[in-house]
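Going down the list, the sequences are from chains V and U.
According to full-length UniProt numbering, the first sequence is numbered sequentially starting from 1.
According to full-length UniProt numbering, the second sequence is numbered sequentially starting from 1.
Cβ atoms here follow ideal geometry from the backbone N, Cα and C, with glycine treated the same way.
This report concerns only the one structure given below.
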Amino acid sequence: MAGNGTNDRRGNLPPLSLHVPEPNFRPGDAVDFSHIGVTEPGAQPRPDEACEAAETHPLCNDLIRVLGDDDKAHGPWDPKLDPDTLRRMLQAMATTRAFDERMFRGQRQGKTSFYMKCTGEEATSISASMALADDDMVFPSYRQQGILIQRGYPLVEMINQIYSNAGDKLKGRQLPIMYCSREHGFYTISGNLATQLPQAVGYSMASAIKGDTRIAATWVGDGSTAEGDFHAACTFASVYRAPVILNVVNNQWAISSFSGFAGAENATFAARAIGYGIAGLRVDGNDALACYAAERWAANRARANAGPTLIEFFSYRAEGHSTSDDPSGYRSAQEREEWPLGDPVMRLKKHLIALGEWDEDRQEEMDRKAAEAVKAATKEAEKLGTLGHGMHQPFETMFEDVYEEMPWHLREQCEQSLREKEIKFGKGDPK
Amino acid sequence: MAIELKMPALSPTMEEGTLAKWLKQEGDEVVAGDIIAEIETDKATMEFEAVDEGILGKILVEEGTEGVAVGTVIAMIGEEGEDMSDAQPSQSAEVDDVPGEGKDVGRDQSEAEITKPAAKPKADDPEIPSGTNVVKLTVREALRDGMAEEMRLDDRVFVMGEEVAEYQGAYKVTQGLLEEFGPKRVIDTPITEYGFAGIGTGAAMGGLRPIVEFMTFNFAMQAIDHIVNSAAKTNYMSGGQMRCPVVFRGPNAAASRVGAQHSQNYGPWYASVPGLIVIAPYDAQDAKGLMKAAIRCEDPVVFLENELVYGRSFEVAQLDDHVLPIGKARIMREGSDVTIVAYSIAVGLALEAAEELAGEGIDAEVIDLRTLRPLDREAVLTSLAKTNRLVIAEEGWPTCSISSEIMAICMEDGFDHLDAPVLRVTDEDVPLPYAANLEAAALIDSDRIVKAVKKVCYRD
């Protein structure tokens, strides 16, 4: 062959090939999670909140844990919360679980088109949220309903949104579960993954520019860290030392794609922080105390203008991705049972019992009351309609809030539509 | 009161399924969470759980029934002691199918006239008092002055983008801003349009008034998700709770010899998006007055400038606070024979064409749209009613363009005024070539406008 003769550099090497990640277990497989490095609770050092980012970097490949198998809290990350606070945390978790159960079944009954549970991941939102100030702005993804419940947003408002009924504060415009409450510092959820990351960084930068004291926190799944948004957010957070917390909930699965497709085989998600030179923590996401402690550490750091923190909550998605998903088709049903970090609600409950501050009877009572509260809220919301049935938003709201003031062309469309509707249906709002 | 159990949807796309098996029988007590039936679709088998408690009173669809439509009432649940033997699902009355209208309940068959609403008065440009001092300014300076005036008035306003601070902007539009306002309000960003569009969107949500400069709108392609999916929809999706008052600005459309990837007009792209305001001024006075309006706007604004126009000088009235209305076109030249509608750089070409046409006895009216969303239909239709002939000049591709939109407006609401078909003069429908001769051949010019005008005047 013509050329400069460098072709022989290939020698007799085999043809090029690629590595395509494959999860460890598929349906029917026996599950063995011994490859997951479950660390000793209490063994991880807790650097000063204002430390150099690099001091946290060993923790990116560690796993911060507080609650031990003895159900007691251990080590420097123990947030030393009083029993009342722990019970409030447990209460929010019980309510969230009861809410998920009922809403999921409600979808199966056709009361809404879509729902997503957060079972097994409650601590990553509820405990983390409790570590923030109530007016810190949160930019959640779609599995942080626990934050709204922890912040006291009325359940009936959440259900109104899910049903898209006459009481829906979002006026029937958003997909079910894409809540928004300005008053509760809960930004409207984006269906386009990861856009909330640079927006949270931008919000926190605005807070700093204004001389405000509120920080911002955002949540994203392991799969969405592959989006460009994640990397742009890390770059900006690092460059300007924005007062923001970037929470990555690594629940192992992005619908049917396991975390390996986001790069988890090669590095932890917390380790992304090392490359950006920001603080990073890798945390047992099923350990409510560790979740609280890590988020509190990051919040204090942000508030002290010491910079952003990337937190990986290592957890497991115990249920399907959503009501449209059936995980039995792609993963072993044993995974949930065998998950080595247990269930966050059970672990917190046992901790309170070990402290002598709780018992099974009170737990049963709490669960029962939570289910009743959810049921009562559901009944109340159903009076205002369910998806496609009963009362709904007034027709003309469709044209509102596109702009601050309704432009003339929308006003004309709205008026014309109302007249056409009146000709067809007569006065009043047809069901 | 009986509760209806409906055929559930396993997914939003499921339309029907098989009721494979009833696991509870009539008269059985059910509690929330009980599995009462199994439903099969072509994809999966689903367990059907009860949400409410009570007595399974009446089964309306037998097990083994195939093709049960989602939403069909399959059973009734009653309270304990309730007689369910005659329970029937509530039914809406069957209605006649009105041809061409579908099944509309209560349709009045009369020939009801849907009258057009009266046109809403829109704000005019503020008066420029006689005797106001007039200076010559380039569009570049006018844009800078507009931003600087607003930054002096409102400390929430800041500028961010690549090279906007030390370098004073790749096209020097932010000249002097760093010196006057300092590095906290004139911010150089990392090279990630996606990133700083998101940061700007978040900062606007956080109560500031960001001006996000794109070095050119061609680079904003990767940022378009934040503009279209976040900024434009914040107010709407939050049910009116949140705002996103951000200005995305920078040069748009073809410059000189910058090739296919750097020569695109995004006016039609952004103008198609509800929730965005899209402004594309031509001269310096409008650039300044509309920049001020954009910064004050509570809605997100896409502000499209043009590199080839940056250096052109125009007369600008020296006024303290001259803010122009958004959504209002401007008559650049009055005429009676034909209307030429244009925006941005094409306004200059349209004015050139009008001069040439005047020499041939054709009196053209030139309208500068100035704002592409909301579009000033009224100005277009009023001029058309006067001249009865219309040509659109647009530096951009023809398909799904602002030209297409103006043509649609003329057909919908101006048809009776038309003495000739509306024509559009645009760039060729190809990626813009680099070579000077090919570039010139692909771009709109005033000769082509003259030719089109003669055609609609039947003078060719």
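- Query: Would residue 244 of chain U be called buried (16 or more neighbouring beta carbons within 10 Å of its own) or exposed?
  - Reply: buried
I want to know whether the segment 278-289 of chain U touches the segment 369-382 of chain U - three or more CB-CB distances under 8 Å.
yes
message: Give me the subset of the segment 225-246 of chain U whose CB atoms are less than 8 Å from a CB atom of chain V, sorted by chain position.
response: 225, 226, 229, 230, 234, 235, 236, 237, 238, 239, 240, 241, 242, 243
| field | Bridge-paired residues (DSSP) for residue 17 of chain U | value | U:68
Exercise. Hey, is the segment 29-43 of chain V in contact with the segment 66-75 of chain V, meaning 3+ C-beta pairs nearer than 8 Å?
Worked result: yes
* To do: Determine whether the Cβ of residue 333 of chain V lies closer than 9 Å to any Cβ atom of chain U.
  => no
_Counting only Cβ-Cβ distances shorter than 7 Å, please list the residues of the segment 163-188 of chain U near chain V, keeping chain order._
184
**OP:** Indicate, with yes or no, if the ligand NAD has a heavy atom lying under 8 Å from the CB of residue 11 of chain V.
**Re:** No copy of the ligand NAD occurs in the structure displayed, which carries no ligand at all.
*At a Cβ cut of 9 Å, what residues of the segment 196-228 of chain U count as close to chain V, listed as they run along the chain?*
196, 197, 198, 199, 200, 201, 202, 203, 204, 205, 206, 207, 208, 210, 222, 225, 226
Which class does residue 330 of chain U belong to by DSSP, given the choice of helix, strand or coil? strand
field: Cβ neighbour criterion (16 or more within 10 Å) applied to residue 19 of chain V
entry: exposed
Open item on the list: Quick check on residue 135 of chain V - is its C-beta less than 9 Å from some C-beta in chain U?
Closed with: no
Taking the straight line between their C-alpha atoms, what separation do you get for residue 302 of chain V and residue 151 of chain V?
21 Å
*asked:* Suppose the cutoff is 8 Å on Cβ atoms and the five residues either side in sequence are ignored; what does the same chain contact list for residue 148 of chain V look like?
replied: 158, 179, 181, 184, 186
Just how far apart, CA to CA, sit residue 233 of chain U and residue 275 of chain U? 6 Å
Whether residue 124 of chain V touches residue 285 of chain V by CB criterion (9 Å):
yes
- Task: Would you please state the rounded distance, in angstroms, between the beta carbons of residue 104 of chain V and residue 323 of chain V? I believe it to be under 8 Å.
- Result: 6 Å
- Inter-residue spacing [alpha-carbon to alpha-carbon] between residue 108 of chain U and residue 421 of chain V: Residue placement at residue 108 of chain U is poorly supported in this model, since its pLDDT is 42, which falls under 50; the coordinates are not used for a value here.
Chain-ordered residues of the segment 198-213 of chain V with a beta carbon less than 7 Å from chain U: 198, 199, 200, 201, 202, 203, 205, 206, 207, 209, 210
Enumerate in chain order the residues of its own chain whose CB-to-CB distance from residue 241 of chain V is below 6 Å, with the five nearest sequence positions on each side excluded. 307
Item to complete: Return yes when the Cβ of residue 199 of chain U is within less than 9 Å of the Cβ of residue 232 of chain V, no when it is not.
Response: yes
Handout entry: C-beta neighbour in chain U for residue 326 of chain V, strict 9 Å
Key = yes
Practice problem: Return the CA-CA distance between residue 247 of chain V and residue 135 of chain V, expressed in angstroms with no decimal places. | Solution: 18 Å
*Which chain V residues are close to residue 6 of chain U, counting only those with a beta carbon under 8 Å from its beta carbon?*
109, 110
Problem set entry | Whole-angstrom C-beta distance between residue 162 of chain U and residue 251 of chain U, which should lie under 8 Å | Contact flag wrong, Cβ pair sits at about 13 Å.
message = Using a Cβ-Cβ cutoff of 7 Å, what residues of the segment 334-362 of chain U are near chain V? List them in chain order.
response = none
Could you tell me which chain V residues have their CB closer than 8 Å to the CB of residue 327 of chain U, listed as they occur along the chain? 407, 408
| task | Go ahead and pull the three-state DSSP assignment for residue 345 of chain U. | result | helix
Short of 8 Å Cβ to Cβ, which residues in the segment 239-272 of chain V face chain U? 239
Measuring straight from C-alpha to C-alpha, what distance separates residue 388 of chain U and residue 453 of chain U? 12 Å
Notebook entry, point to check: According to DSSP, which residues form a beta bridge with residue 389 of chain V?
Noted result: V:386
Alpha helix (DSSP H) segments (min. 4 residues) lying fully within the segment 177-235 of chain U = 177-181, 193-205
Would you call the CB atoms of residue 229 of chain V and residue 198 of chain V closer than 9 Å?
yes
| field | residue 230 of chain V - containing alpha helix (DSSP H), residue span | value | 228-240
Practice item. Report the partner residues of residue 315 of chain U according to the DSSP bridge assignment. Key: U:136
Could you check if residue 266 of chain U is buried or exposed, using at least 16 other CB atoms within 10 Å of its CB as the buried criterion? buried
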